[in-house]
Amino acid sequence: MPRINLNKKRQRLAIVNAQRYVTRVDRYSTIGEKEVVAYASQSAHVPASSITNATMAIRQAIEYFVINGHHVNLGKFGFLGIGVKAKSAYTKQDVSADLVEKVGLRYRPSTEVTELLGSVELKNN
Amino acid sequence: MAQKGTLNIPFVLRPVGFLGDGQNRYVASPERYSTIGYNEIVQYAARAAHVPETDITMAMDALYDALSYFVCNGHGVKLPNLGIFSFGINAKAEALEANAGADAVYRTKINFLPCKELRNVLDNVAITVTALNPNGLAEGYATKATVRGINMKKGNGYSSALIPFRSYMAGASTVFVVKLGGPMAVTPTLSVVWGKDGQTSQLEIQGNHVGSNVIFDMANYISGQESYEIEKLVVNFDVDGVAHSYVMPFSTSWGEFSAYEASLMGKTVSAPLMDTPESPVQTDMLVSGSNRGLTIRGINCNRAQDLGVSFDNGASATIKTTSDEYLVIAVPEGVKVVTVSGEHISAVFTIAEGEQGEAVPVVTSLSANGVTVGNGQSSTIEVGKTYNFTLNGINLDKLPRDAQSFGAELIAAGATITIKNVDSNAIQFTLGNAKAGSFKVKNAAGDVVFTLTLTEYVPEASAPTIASINNVANGGSLQVTPNQETSLTVRGTNLTSLTAAGFSITNGQIVSVTGASATQATLKIKSNGGSGNALRYTINGSVIYQMSITAPNSGGDYNDHDGIAEW
Chain A
3 MPRINLNKKR
13 QRLAIVNAQR
23 YVTRVDRYST
33 IGEKEVVAYA
43 SQSAHVPASS
53 ITNATMAIRQ
63 AIEYFVINGH
73 HVNLGKFGFL
83 GIGVKAKSAY
93 TKQDVSADLV
103 EKVGLRYRPS
113 TEVTELLGSV
123 ELKNN
Chain B
353 MAQKGTLNIP
363 FVLRPVGFLG
373 DGQNRYVASP
383 ERYSTIGYNE
393 IVQYAARAAH
403 VPETDITMAM
413 DALYDALSYF
423 VCNGHGVKLP
433 NLGIFSFGIN
443 AKAEALEANA
453 GADAVYRTKI
463 NFLPCKELRN
473 VLDNVAITVT
483 ALNPNGLAEG
493 YATKATVRGI
503 NMKKGNGYSS
513 ALIPFRSYMA
523 GASTVFVVKL
533 GGPMAVTPTL
543 SVVWGKDGQT
553 SQLEIQGNHV
563 GSNVIFDMAN
573 YISGQESYEI
583 EKLVVNFDVD
593 GVAHSYVMPF
603 STSWGEFSAY
613 EASLMGKTVS
623 APLMDTPESP
633 VQTDMLVSGS
643 NRGLTIRGIN
653 CNRAQDLGVS
663 FDNGASATIK
673 TTSDEYLVIA
683 VPEGVKVVTV
693 SGEHISAVFT
703 IAEGEQGEAV
713 PVVTSLSANG
723 VTVGNGQSST
733 IEVGKTYNFT
743 LNGINLDKLP
753 RDAQSFGAEL
763 IAAGATITIK
773 NVDSNAIQFT
783 LGNAKAGSFK
793 VKNAAGDVVF
803 TLTLTEYVPE
813 ASAPTIASIN
823 NVANGGSLQV
833 TPNQETSLTV
843 RGTNLTSLTA
853 AGFSITNGQI
863 VSVTGASATQ
873 ATLKIKSNGG
883 SGNALRYTIN
893 GSVIYQMSIT
903 APNSGGDYND
913 HDGIAEW
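In the order they appear, the protein sequences are chains A and B. In this text, residue positions in the first sequence follow the working numbering: the first is 3, and each later residue adds one. In this text, residue positions in the second sequence follow the working numbering: the first is 353, and each later residue adds one.
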């Protein structure tokens, strides 16, 4: 059963202006691209070059569709789409492109990922 | 090279609770067009990167296995060309340590940090914003809308970008989907003209906005058992109070190429596709310019094998189709005539160019008061009057317009020419104190490019009538001493409008017409003698008086000046 270790840390929270215990994930290391590809290649018997080429092709597809306003279904991984950070306006005359502060990517997990998360055991360190 | 895209971000008027004032605000609500399915993504990626679809699918499955293994065990996973996935939680901050930890966690999630390339891709996106009222209709921000095409979907899910002309049957299961560009102020209506049993009727269908599409559902208008042959589809809409109407292009059969517009060097000819499919538009266009791409717009342009394009030099036309909606044909240098013929369109483009490929001026006609005359023709004018003329052609702004190059002969005769307006296709000018003669236009090299002969027009009510000349009635004969100027007395009515230009003599010259009153005038002529000599007066091309001129001592023995023979 997969397991995630949790750490507790006491720190000052400005919003309440007091000390609180904050729970965080004990993250080990980030598995680099080469290791991920090597693992995937070995476990699925897919050549590493194919994996790299495939991800490059997928990224191109994401770029093409997302910049034109579409959401992209990445299968088991989930969905990628556009997220906007913008100010509001009182009147329609005030509505302009200047209100838009940031346009970014938004990720939404798939059902498989959501179910996977539900099977993870959380353990305090 | 970075890709560029366009995002439409509507700002929707809605109440914003956290502001606490209960008022409405225009809040950004990015327009999401559609979710591209996983299979489509894989297909697109396979096509774009020339990677087999199976490889992509297997690679993605393998990466998912890696992700699920490492991420759920506390590692971050960096997927190539995508980004970093890591495990995340939402937990309450607790005052007591015992309450913190796993018990404080209320949500688990996967965090995704896109790679640099994906983060930067949105830097190349153009953003348009629209203010929408709660109904989703744009308020006053739509200034232009274009209909991009029509997708037709039958009830059984079959879809095509085509509608066969006069052969398509529409039933209750038919849904027309029209894709519109730009936000719309109002929902457009679809006019469907159809025939049944020889009767033609028209139906106005209201559409429903779905994203950037407008859906017209026939089920709301006809019963499930009926079907009709569609003859015409027109999309009508208002933009800022201005009505627009767009006739949807048809094809004569399913999947066939059909052209409705041809353009070359800025000149466009559009076919009345829907109205007279049996009689395509035919036009001769005089064009010049540097853009030698012949653009044909239509539907199913990627199947344009039947389009007839020919050049006058016999060169073959290479049709390159890059889109369903248009194709471009390169016109080689040296080609002077391009002929386009196809479904519902027929056009001839005549190219006017100089040796250096520069556009040269070509004058095609002169027009005034709705009357148009061509090069080398003639027209009548009333002497002394003022006329507003328009010289027609192409590249006319390159014509010199000084007195030596523009109507020099008329100016020398006493007329005045005033240029009013000049553009590439027309020169508007006023001819004052009009004179009979030749109106000639010369180019910069001094060559005459246009000639029009102006003849005098005399209104019939004031036309002169000649009763006699030197008491010789119409058809008579008069002796005139050759090679000397002779004065003749003209008698008749309306002789004040008598002109020397109206007189003609076969062998000799008309010197002048002077001293004209209503009933008498003096005509001076000089005869060269010889036989068959005749004096005539012509009005509007008709001879109103004629007499033969003879020399003394001809036709008998005359030895004195009184004309009485003496033997």
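Don't be surprised by glycine CBs; every beta carbon is placed ideally from N, CA and C.
Contact fails between the stretch 823 to 836 of chain B and the stretch 787 to 800 of chain B, because fewer than three Cβ pairs, one in each stretch, are under 8 Å apart. Only I53, T54, N55, A56, T57, M58, A59, I60, R61, Q62, A63, I64, E65, Y66 from the stretch 53 to 66 of chain A bring a Cβ to less than 8 Å from some Cβ of chain B.
Taking 8 Å as the threshold, the shortest C-beta distance from A760 (chain B) to chain A does not fall below it.
Within the stretch 424 to 436 of chain B, contact with chain A at the beta-carbon level (separation under 8 Å) is assigned to C424, N425, G426, H427, G428, V429, K430, L431, P432, N433, L434, I436.
In this structure, G784 (chain B) lies near T768 (chain B), with their beta-carbon atoms less than 8 Å apart. Excluding five sequence positions before and after A669 (chain B), the CB atoms of its chain that fall closer than 6 Å to its own CB belong to V661, I681, given in chain order.
Chain order gives the chain B residues near R29 (chain A) as G426, H427, G428, S438, F439, where near means a beta carbon separation below 9 Å. DSSP, reduced to helix, strand and coil, places K36 (chain A) within a helical segment of the structure shown. Between L415 (chain B) and I17 (chain A) the beta-carbon gap is near 38 Å, outside 8 Å, which marks them as no contact.
Annotated three-state conformation of I779 (chain B) is strand, per DSSP. K36 (chain A) has its alpha-carbon roughly 17 Å from the corresponding atom of K468 (chain B). T620 (chain B) and N727 (chain B) have their C-alpha atoms roughly 25 Å apart. Judged by DSSP secondary structure, I408 (chain B) falls outside any beta strand (DSSP E) and instead within the alpha helix (DSSP H) spanning 405 to 423.
DSSP places S864 (chain B) in the strand class (E or B) of the three-state scheme.
Pairing M412 (chain B) with E123 (chain A), the inter-Cα distance amounts to about 26 Å.
Boundaries of the beta strand (DSSP E) around E103 (chain A): 102 to 111.
According to DSSP, N885 (chain B) shares a beta bridge with B:I901.
Boundaries of the alpha helix (DSSP H) harbouring Q62 (chain A): 50 to 68, taken from the DSSP string.
Only exposed fits P684 (chain B), as fewer than 16 other CB atoms lie within 10 angstroms of its CB. The distance from the Cβ of G80 (chain A) to that of V27 (chain A) is about 19 Å, inconsistent with a contact at the 8 Å cut-off. Within the stretch 766 to 798 of chain B, no residue places its CB atom closer than 9 Å to a CB of chain A.
With fewer than 16 other CB atoms across the displayed protein chains lying within 10 angstroms of its CB, H47 (chain A) is exposed. Legend: CB atoms of the stretch 11 to 36 of chain A lying less than 7 Å from CB atoms of chain B belong to residues L15, R22, Y23, V24, T25, V27, D28, R29, Y30, S31, T32, I33, G34, E35. Cβ contact annotation for P4 (chain A) (same chain, cutoff 6 Å, sequence separation greater than five): V122, in chain order.
In the three-state DSSP reduction, L830 (chain B) falls in the strand class (E or B).
In the DSSP assignment, V473 (chain B) falls outside any beta strand (DSSP E) and lies within the alpha helix (DSSP H) extending over 468 to 473. Contact between P111 (chain A) and I462 (chain B) holds: CB atoms are separated by about 5 Å, below the 8 Å threshold.
In this structure K787 (chain B) is buried. Its beta-carbon is surrounded by 16 or more other beta-carbon atoms within 10 angstroms. Beta-bridge partners of P367 (chain B) (DSSP): B:N376. Residue pairing by DSSP places K11 (chain A) opposite A:V24 in a beta bridge.
Straight-line measurement puts the Cα of N126 (chain A) at about 13 Å from the Cα of Y23 (chain A). Scanning the stretch 729 to 773 of chain B for uninterrupted beta strand (DSSP E) segments of 3 residues or longer gives 730 to 733, 739 to 746, listed from N- to C-terminal end.
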